[in-house]
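Heads up: the protein sequence lines correspond to chains A and B, in order.
With the first sequence counted from 1, adding 4 to any position gets you the working numbering.
With the second sequence counted from 1, adding 4 to any position gets you the working numbering.
Inspection log for the structure reproduced underneath, given as structure tokens.
Number of protein chains: 2
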Amino acid sequence: MSTVQGKVTLLSAGPGDLDLLTLRAAKALAAADILLLDDLANADIATLAPNARVIRVGKRGGCKSTPQAFIQRLMQRHAKKGLHVVRVKGGDALLFGRAGEEIAALREAAIAVDIINGVSSGFAAAAGLGISLTHRDHCQGVTFVTAHMQDHSQPDWAALAATGTTLAIYMGMSRIASLTASLLETLPASTPAAVVQHAGSQQERRLVTTLDRLAEEATAAGLGSPAVILIGGAIGEAAGFAAHAETVEGFAHAA
Amino acid sequence: MSTVQGKVTLLSAGPGDLDLLTLRAAKALAAADILLLDDLANADIATLAPNARVIRVGKRGGCKSTPQAFIQRLMQRHAKKGLHVVRVKGGDALLFGRAGEEIAALREAAIAVDIINGVSSGFAAAAGLGISLTHRDHCQGVTFVTAHMQDHSQPDWAALAATGTTLAIYMGMSRIASLTASLLETLPASTPAAVVQHAGSQQERRLVTTLDRLAEEATAAGLGSPAVILIGGAIGEAAGFAAHAETVEGFAHAA
């Protein structure tokens, strides 16, 4: 048997605030021997893992501070020693992380993997705006899409817009001007749009406006990563939208 | 001032298991005076709200056991008495519920609303399959879509398929044959596909196969609502897919 006694838990840390962790996640953290911390996750999470050695393995945006292959080796090495390794990922581990590759490698090495779900920041962004991601008057669903693609190409914005779903765009702030320009080729200028930075944390900042004004206003307000961009009719239900691009609580409007 | 002292919390109960509730949700339940329970939520959640009077307001599928307008009135009546009303919804309250309408009505009535996020069943379904909803080798995102539309029409399956995102289809089991047939007009027959019934609960059952065989195999296996249907390249990473439509743990294959 090549099976080892240790295991790896891929743990979703949620959008930021520690009380948005699940009860199951809190339990796994309490039992962790090794904590691998992504830098999109709230570092205070370590306070919930009093017995764990904490290893930071952040990899923000394009800057690859800890190569993926090294993280994989770290997880396996400690699990093979019989330890409980908890790999913490921001949001839900199963959206836009490298969880798929990590699970495959662990499976290959006959190491047990647990997955603990969490709240993805797109949901927290909607909660911050006081809206639902879907609204039966406006759409039949929501698409979570990353603007940061492996080969540096752009997603097919026309195809995404054609679905009529709410768009929740992750990792889009560095190209907000070009992606909104692409969407404006398909969607009306008046389409409701929002940016929520640091969704689900104490630092949350929100902007609600229309698609044609989104890039300019977000830049003027100094909004940057990490943030979720939300676009679609359902966003028009936000209290701030009635006043059209008016300041919503959370920051002073710079325009 | 028309503002009242009571409040309503829209609380996401997650997919089923109580330990998939967030810490914040557990706190709100402990402080609840009135608990309005959806029947997609785990009824055991009431054990976490020892001081609350429990009112069941289920509304499964097409059968409207408690009309939406009545639920709205219930929430408002109790909140106006100064009580803390917790409205429990399965999954995340901000996806495919009527949260948008409920928030609007409460705002109109000057009643404070808190929203507490949770784990949507699509994420739990992916965890059950041991896969990520997105995988950079396969797709740039995931679309959550309901097959159950307000006007009984079908979503635009061709447009959804054209995005190349993973599709996570909610409330689709009653029309699984027609929706897979529609998707097959755009997607290859060999597209990986899965059904996860009761995702994230002890009763979870899973099937992994290809799009062309999905409806027949799901029916043969007796899989029904509530379930999430997952379709796309990323689903091919599931351990069960290698063996192609082979039994995956959770139930005996009926075909």
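Don't be surprised by glycine CBs; every beta carbon is placed ideally from N, CA and C.
Quick check on DSSP: helix, strand or coil for residue i?
i, result
"Ser16 of chain B", "strand"
"Asp23 of chain B", "helix"
"Ala231 of chain B", "strand"
"Ile239 of chain B", "helix"
"Gln9 of chain B", "coil"
"Gly244 of chain A", "helix"
Taking the alpha carbon of residue i as the reference point, which residue from the options has its own alpha carbon closest?
i, options, result
"Gln9 of chain B", "B:Val89, B:Gly20, B:Asp216", "B:Val89"
"Ala162 of chain A", "B:Pro159, B:Val149, B:Thr167", "B:Thr167"
"Arg111 of chain A", "A:Val123, A:Ala83, A:Ser124", "A:Ala83"
"Ala225 of chain B", "B:Ser125, B:Thr213, B:Asp21, B:Ala129", "B:Thr213"
"Leu218 of chain A", "A:Gln158, A:Ala103, A:Leu188, A:Ala243", "A:Leu188"
"Ala260 of chain B", "A:Leu22, A:Gly20, A:Leu99", "Here chain B has residues from 5 to 259 only, and residue 260 of chain B is not among them."
"Thr138 of chain A", "B:Lys11, B:Asn55, B:Glu106, B:Arg81", "B:Glu106"
"Asp160 of chain A", "A:Pro54, A:Met177, A:Thr190", "A:Thr190"
"Val149 of chain B", "B:Pro54, B:Ile233, B:Thr51, B:Glu241", "B:Ile233"
"Ala243 of chain A", "B:Arg140, B:Ala109, B:Asp21", "B:Ala109"
"Ala113 of chain B", "B:Gln80, B:Ala129, B:Cys143, B:Arg210", "B:Gln80"
"Gly101 of chain A", "A:Leu52, A:Lys85, A:Leu25, A:Ser125", "A:Ser125"
"Gly104 of chain A", "B:Ala73, B:His142, B:Ile75, B:Phe74", "B:His142"
"Glu221 of chain B", "B:Pro192, B:Ala181, B:Ser229", "B:Ala181"
"Asp21 of chain B", "B:Ile115, B:Lys85, B:Leu78, B:Ala129", "B:Ala129"
"Ile38 of chain B", "B:Ala165, B:Leu78, B:Arg179, B:Thr223", "B:Leu78"
"Ala53 of chain B", "B:Ala35, B:Val61, B:Asp43, B:Gly62", "B:Ala35"
"Lys85 of chain B", "B:Ile115, B:Ile75, B:Pro71", "B:Ile115"
"Leu227 of chain A", "A:Ser186, A:Leu164, A:Arg179, A:Gly240", "A:Arg179"
"Phe245 of chain A", "A:Asp23, A:Ser229, A:Arg210", "A:Arg210"
"Ser229 of chain B", "B:Arg140, B:Met177, B:Ala73", "B:Met177"
"Glu241 of chain B", "B:Val61, B:Gly62, B:Arg140", "B:Arg140"
"Thr51 of chain A", "A:Asp23, A:Pro71, A:Gln72", "A:Asp23"
"Asn275 of chain A", "A:Leu87, A:Pro71, A:Gln72, A:Phe74", "Lying before the first or after the last residue shown, residue 275 of chain A is absent from chain A, which here runs from 5 to 259."
What distance in whole Å lies between the Cβ atoms of residue j and residue i, which are believed to be in contact at a cut-off of 8 Å?
i, j, result
"Gly122 of chain B", "Ala17 of chain B", "6 Å"
"Thr195 of chain B", "Gly236 of chain B", "7 Å"
"Ile59 of chain A", "Leu41 of chain A", "7 Å"
"Ala11 of chain A", "Val117 of chain A", "Residue 11 of chain A is actually Lys in this sequence, not Ala. Contact holds; Cβ gap of about 7 Å."
"Ile120 of chain B", "Arg28 of chain B", "5 Å"
"Leu215 of chain B", "Ala231 of chain B", "Not confirmed; about 16 Å, so no contact."
"Thr26 of chain A", "Thr26 of chain B", "6 Å"
"Thr147 of chain A", "Thr147 of chain B", "4 Å"
For a contact defined as C-beta to C-beta under 7 Å, what are the partners of residue i on chain C?
i, result
"Leu24 of chain B", "No chain C is part of this structure, whose protein chains are labelled A and B."
Length-filtered (3 minimum) beta strand (DSSP E) runs lying within the region 142–182 of chain B = 145–150, 170–174
Contact between the region 197–215 of chain B and the region 128–145 of chain B: three or more CB pairs below 8 Å?
-> yes
Curious, which full-length alpha helix (DSSP H) runs of at least 4 residues does the region 28–115 of chain A contain?
-> 72–84, 103–112
Is the region 152–169 of chain A close to the region 45–55 of chain A, with three or more CB pairs under 8 Å?
-> no
Every unbroken alpha helix (DSSP H) within the region 181–216 of chain B, with a cutoff of 4 residues, ordered by chain = none
Segment contact flag, the region 86–101 of chain A with the region 11–31 of chain A, C-beta cutoff 8 Å, min 3 pairs | yes
Three-pair Cβ contact test at 8 Å for the region 168–185 of chain B versus the region 202–214 of chain B = no
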